[in-house]
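Numbering (this note's numbering), first residue to last: 1 to 601.
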């Protein structure tokens, strides 16, 4: 029997540390986090009271570093209990957490650490320490670097200490900080228009208002189990996969890695899954691949299940009539639907997709086979969720209705404007960018073109700005990347692609003279037009591109490159009168070439 809901109301927790303290008071012995044992078994459980005891030790260690309220502290870890403890301890002391991507480039995280003047940096181990050493001269403001795992080659740096030595054995009770909802809680960096990221400043009130809004999208219970998949440095995971379970008293298990996700889903058996479309697309690809290699009757049975299931979905949503085909559902549920849902662990009650658009055919399959898959929309600047579908009003062609506390309307040019308590304080030390993003009436300009129907459902139809949203939700300004690549004389014209794809790729026109010299050095015929994937030519081109992209975030790496030998001309409509590329027309003209850059993915 399901335990009754136990959501913490807004008046009981006006800041994030207060939310944590109230959860500990309500559920001291309740399961808070699960983690895999070192031998791979699932799972060791930590209670809320134990989380508080551990967080108090982290706070005592931070106090010894001389940090004071308002100071910034950074962390670069995989999702883990240590990530949570560092964040909770920091927030309770009034510190501002700056999450870094686990696999980011040294140039990028050094820029963030410099700009925020971070005082403490938490890293995972030897690999991160080697990256930090590459930019150590830029980290003069960092007084302490803490490594969770042992570091074998410390290089005599007195700032570096291993976590086991840094933490005291005991500590006073965990502090909850001052009751100041408007205070800055975190700076989350997102892609900027110059190639360098921008720091989004989110207050306690920003984040908590969004957490409470998300709780209205579907029922949550203390016996729910979330599987944390997206990096906690991502605003969606931070709000919906970390603070929302705390609000509900639910338990969280952290995935070991994306490569081990199928095993972790089977072992953890989560009831709530939050991730980006790429995860659903991977599972869909695996299913369709197995069907393609199997007998025809199995494919036909699967297709029939999807067709009948989709009609049932529409009927249950009140958007379709009853059909005699529904009488076939019990055996189809047994033989097909339940087995597909088993790919998500078999117990998933809610699956939430955000960060990028989910392909309609993928959404249709999972909804038809009984997975309650809800799509939403948001931005880091809005803490991040703006809208979402609900189980009883699920329109997968839209991103649902705005959360109760959020206003959404369209500008004259169709741009989606957003106003509400979740809108950021601004960009860190960038008043000009802040003014450009938030107008005098408090409306945040999303840069997305949308439509809103008479009942309030929002559909994203395009972008005001040229921003590529990868399948993992990361946003990349293609113009800046193209300009960086084109600064190499080898590349005459450049088109960066990757919308809804798992990675960035480039289609380029090569300078013939430069190409001839490169081909001679590589020992290949310069007249050869095809570039075999992974071959010596593509590798050489990728190295040239990589040399021009050191200032971009790690997720903006170009992983495949294709070429055309004929320059793009304005007479063909591929360039504007001012010789800017017409992105939409190029994507149409070279659709086949672009698809080949993603073959097998």
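Glycine residues also receive a C-beta, built at the ideal position from the N, C-alpha and C atoms. Predicted model, so just to flag it, every value in this text is computed and none were measured.
For residue 164, is the classification buried or exposed, using 16 other Cβ atoms within 10 angstroms of its Cβ as the cut-off for buried?
Locating residue 164 in the chain shown gives position 164, where the first residue counts as 1. Exposed, since its Cβ has fewer than 16 Cβ neighbours within 10 Å.
Mind checking whether residue 120 and residue 73 have CB atoms under 8 Å apart?
Position 120 of the chain shown holds residue 120. Position 73 of the chain shown holds residue 73. In contact: residue 120 and residue 73 (Cβ atoms closer than 8 Å).
Note the first and the last residue of the continuous alpha helix (DSSP H) segment covering residue 264.
Working through the chain shown from its first residue, we reach residue 264 at position 264. First-last of the alpha helix (DSSP H) with residue 264: 261 to 268.
Reduced DSSP category for residue 190 - H, G, I as helix; E, B as strand; rest coil:
For the purposes of this step, residue 190 is identified with residue 190 of the chain shown, where counting begins at 1. Residue state, collapsed to three classes: strand.
Give a yes or no on contact between the stretch 109 to 125 and the stretch 563 to 574, applying the rule of three or more CB pairs nearer than 8 Å.
The stretch 109 to 125 and the stretch 563 to 574 do not touch, with fewer than 3 CB-CB distances between them shorter than 8 Å.
Any chance the stretch 225 to 236 sits against the stretch 94 to 106, with 3 or more Cβ pairs inside 8 Å?
yes
Expressed to the nearest angstrom, what Euclidean distance is found between the alpha-carbon atoms of residue 15 and residue 204?
Taking the chain shown and counting its residues from 1, the one referred to as residue 15 is at position 15. Taking the chain shown and counting its residues from 1, the one referred to as residue 204 is at position 204. Going by the C-alpha atoms only, they are around 5 Å apart.
Alpha carbon to alpha carbon, what distance is there between residue 458 and residue 567?
Position 567 of the chain shown, counting from 1, holds the residue named residue 567. Position 458 of the chain shown, counting from 1, holds the residue named residue 458. Put simply, the backbone Cα of residue 567 is about 40 Å away from that of residue 458.
Of the residues 346, 515, 517 and 476, the one placed nearest residue 497, counting alpha carbons only
Against the chain shown, residue 497 aligns to sequence position 497. The residue with the shortest Cα to Cα distance from residue 497 is 476.
Alpha carbon of residue 7 to alpha carbon of residue 257, nearest angstrom:
As a first step, residue 7 is located in the chain shown; it is residue number 7 there, counting from the start. As a first step, residue 257 is located in the chain shown; it is residue number 257 there, counting from the start. About 30 Å.
Three-state secondary structure (DSSP) of residue 578:
As a first step, residue 578 is located in the chain shown; it is residue number 578 there, counting from the start. Below a pLDDT of 50, predicted positions are generally treated as unreliable, and residue 578, at 47, falls in that range; the measurement from the model is reported next regardless. Residue 578 falls in the coil class under three-state DSSP.
Could you spell out the range, first to last residue, of the alpha helix (DSSP H) harbouring residue 393?
The count along the chain shown starts at 1 and reaches residue 393 at position 393. It is not in any alpha helix (DSSP H) - residue 393 carries neither H nor E in the DSSP assignment.
Mapping the DSSP letters down to three states, classify residue 144 as helix, strand or coil.
Residue mapping note: residue 144 aligns to position 144 of the chain shown, counting from 1. In this structure, residue 144 counts as strand in the three-state DSSP scheme.
Same chain, Cβ closer than 8 Å to residue 128, neighbours up to 5 away in sequence not counted:
Counted from its first residue, the chain shown places residue 128 at position 128. Contacts found: 76 and 147.
So if DSSP puts residue 128 in a beta bridge, which residue, or which two residues, is it bridged to?
The sequence position of residue 128 within the chain shown is 128, counting from 1. For residue 128, which the question treats as bridged, DSSP gives no partner whatsoever.
Put residue 77 into one of helix, strand or coil per three-state DSSP.
The sequence position of residue 77 within the chain shown is 77, counting from 1. Correct three-state label for residue 77: coil.
Specify the secondary structure class of residue 29 as computed by DSSP and reduced to three states.
Position 29 of the chain shown, counted from the first residue, corresponds to residue 29. If DSSP states are grouped into helix, strand and coil, residue 29 belongs with coil.
Strand pairing of residue 603, partner residues [DSSP]
The question about residue 603 has no answer here: the residues shown for the chain are numbered 1 through 601.
Helix, strand or coil, according to DSSP, for residue 552 in the structure here?
Along the chain shown, one-based indexing puts residue 552 at 552. Reduced to three states, the DSSP call for residue 552 is coil.
Count Cβ pairs between the stretch 210 to 227 and the stretch 177 to 187 that sit closer than 8 Å; are there 3 or more?
no
Exposed or buried, what is residue 316 when buried is set at 16 or more other beta-carbons lying within 10 Å of its beta-carbon?
Start at 1 with the first residue of the chain shown, and residue 316 comes out as number 316. Exposed, because fewer than 16 other Cβ atoms sit within 10 Å of the Cβ of residue 316.
On the DSSP letters alone, give me the boundaries of the alpha helix (DSSP H) that residue 123 sits inside.
Reading the chain shown from its first residue, position 123 is the one you call residue 123. Looking at the DSSP string, residue 123 is not in any alpha helix (DSSP H); the run it does join, the beta strand (DSSP E), is 120 to 123.
Bridge partners - residue 448, DSSP secondary structure assignment
As a position in the chain shown, residue 448 is number 448, starting the count at 1. In the DSSP output, where bridge partners are listed per residue, residue 448 has 463.
What separation, rounded to the nearest whole angstrom, lies between the Cα atoms of residue 151 and residue 138?
Taking the first residue of the chain shown as position 1, residue 151 is located at position 151. Taking the first residue of the chain shown as position 1, residue 138 is located at position 138. Each residue's alpha carbon lies about 21 Å from the other.
For residue 466 versus residue 583, is the C-beta distance shorter than 8 Å?
The sequence position of residue 466 within the chain shown is 466, counting from 1. The sequence position of residue 583 within the chain shown is 583, counting from 1. Taking 8 Å as the Cβ cut-off, residue 466 and residue 583 qualify as a contacting pair.
What residue from 157, 126, 130 and 149 has the CA that sits closest to residue 140's CA?
Within the chain shown, numbered from 1, the residue matching residue 140 stands at position 140. The residue with the shortest Cα to Cα distance from residue 140 is 157.
Helix, strand or coil: how does DSSP classify residue 209 here?
For this step, residue 209 is matched to residue 209 along the chain shown. Helix, per DSSP.
Roughly how many angstroms lie between the CA atoms of residue 397 and residue 294, to the nearest whole one?
Residue numbering aside, residue 397 sits at position 397 when the chain shown is read from its first letter. Residue numbering aside, residue 294 sits at position 294 when the chain shown is read from its first letter. Computed Cα separation, rounded: 31 Å.
C-alpha distance - residue 85 paired with residue 18, whole-angstrom precision
To locate residue 85, count along the chain shown from 1; it is residue 85. To locate residue 18, count along the chain shown from 1; it is residue 18. Going by C-alpha positions, residue 85 is about 15 Å away from residue 18.
Tell me the start and end of each unbroken beta strand (DSSP E) in the stretch 221 to 306 that is at least 3 residues and wholly inside, in chain order.
225 to 228, 251 to 254 and 272 to 275
Do the CB positions of residue 548 and residue 484 come within less than 8 Å of each other?
Here residue 548 refers to the residue found at position 548 when the chain shown is read from its first residue. Here residue 484 refers to the residue found at position 484 when the chain shown is read from its first residue. Less than 8 Å divides the Cβ of residue 548 from the Cβ of residue 484.
C-beta contact flag for residue 337 and residue 370 at 8 Å:
Indexing the chain shown from 1 puts residue 337 at position 337. Indexing the chain shown from 1 puts residue 370 at position 370. Yes, the Cβ-Cβ distance between residue 337 and residue 370 is below 8 Å.
Does the stretch 106 to 121 come into contact with the stretch 52 to 60, if we say contact requires no fewer than three beta-carbon pairs (one atom in each stretch) closer than 8 Å?
no
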